[in-house]
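Below is one structure, written out as structure tokens, with a few remarks after it.
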Amino acid sequence: MSAQLMGGWTGGKIPAGQHCQLQGGKGGTPPMRVSGIPAGATWIVAQFNDKSYQPLSRNGGHGTIAFPVRGAVTDLPAVPGMTKTLPGGAQVMAAAKSTGKFASPGYLPPCSGGRNNRYSVDLKAVDKAGKVLAEIKDFTIGRY
Numbered sequence: 026m027s028a029q030l031m032g033g034w035t036g037g038k039i040p041a042g043q044h045c046q047l048q049g050g051k052g053g054t055p056p057m058r059v060s061g062i063p064a065g066a067t068w069i070v071a072q073f074n075d076k077s078y079q080p081l082s083r084n085g086g087h088g089t090i091a092f093p094v095r096g097a098v099t100d101l102p103a104v105p106g107m108t109k110t111l112p113g114g115a116q117v118m119a120a121a122k123s124t125g126k127f128a129s130p131g132y133l134p135p136c137s138g139g140r141n142n143r144y145s146v147d148l149k150a151v152d153k154a155g156k157v158l159a160e161i162k163d164f165t166i167g168r169y
């Protein structure tokens, strides 16, 4: 399985405006194309993390979103941050682990204040029983 960032995301600097609302942004998840999805996969589960901030650095610290698989190649659309209401059949599997003013019921967009933190995603292709069929770990989505 492999992934490619889309929609202006390059893995370098987080695109303008794609950071959290607390810092003036309206961020959403980066759109991605996932290829080589194994037969039998029904969801791509995306766990978003801030690798530079230990409390949110693993297991979906910035939220876990499931996207429906639409074939061996599936485009994961951008979905908004700071909400649990998502378009296109995407679902919040776990809210961000952030607290206080940074709490989010879903995905928390990059919110480091521009300190060059590294944001990544772990992608898992899972079947309808939740068994992991393939995964990509620590795929860099950008720095903010």
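Using our numbering, the first residue of the sequence shown is number 26, and each one after it goes up by one. No residue lacks a Cβ here, since even glycine has one placed at the ideal position from N, Cα and C.
(request) Buried or exposed for glycine 223, please, with buried defined as at least 16 other CB atoms from any protein chain shown within 10 angstroms of its CB. (result) Lying outside 26 to 169, the shown extent of the chain, residue 223 is not represented and no answer is given.
(request) Could you tell me if leucine 148 is buried or exposed, where buried requires 16 or more neighbouring beta carbons within 10 angstroms of its beta carbon? (result) For the purposes of this step, residue 148 is taken as residue 123 along the sequence shown, with counting starting at 1. Buried, because 16 or more other Cβ atoms sit within 10 Å of the Cβ of leucine 148.
(request) Kindly indicate which three-state DSSP category lysine 156 falls into: helix, strand or coil? (result) For the purposes of this step, residue 156 is taken as residue 131 along the sequence shown, with counting starting at 1. Coil, per DSSP.
(request) Assign lysine 38 to one of three DSSP states: helix, strand, or coil. (result) To locate residue 38, count along the sequence shown from 1; it is residue 13. Here lysine 38 sits in strand by DSSP.
(request) Can you check the segment 52-87 for any beta strand (DSSP E) of at least 3 residues that lies completely inside it and give the ranges in chain order? (result) 57-60 and 68-75
(request) For isoleucine 39, collect the residues of the same chain with a Cβ closer than 6 angstroms to its Cβ; drop the 5 residues on either side in sequence, then sort them by chain order. (result) Residue numbering aside, residue 39 sits at position 14 when the sequence shown is read from its first letter. The residues are Pro135, Gly167 and Tyr169.
(message) Taking its Cβ as the centre, do 16 or more other Cβ atoms sit within 10 Å of serine 27, making it buried, or is it exposed?
(response) Locating residue 27 in the sequence shown gives position 2, where the first residue counts as 1. Exposed: under 16 other Cβ atoms inside 10 Å.
(request) Please classify glycine 125: does DSSP put it in a helix, a strand, or coil? (result) Counting from one through the sequence shown, the residue named residue 125 turns up at place 100. DSSP places glycine 125 in helix when its eight states are reduced to three.
(message) Pop quiz: proline 105 and glycine 49 are said to be a contact at Cβ under 8 angstroms. What is the actual Cβ separation, rounded to whole angstroms?
(response) Locating residue 105 in the sequence shown gives position 80, where the first residue counts as 1. Locating residue 49 in the sequence shown gives position 24, where the first residue counts as 1. Contact flag wrong, Cβ pair sits at about 16 angstroms.
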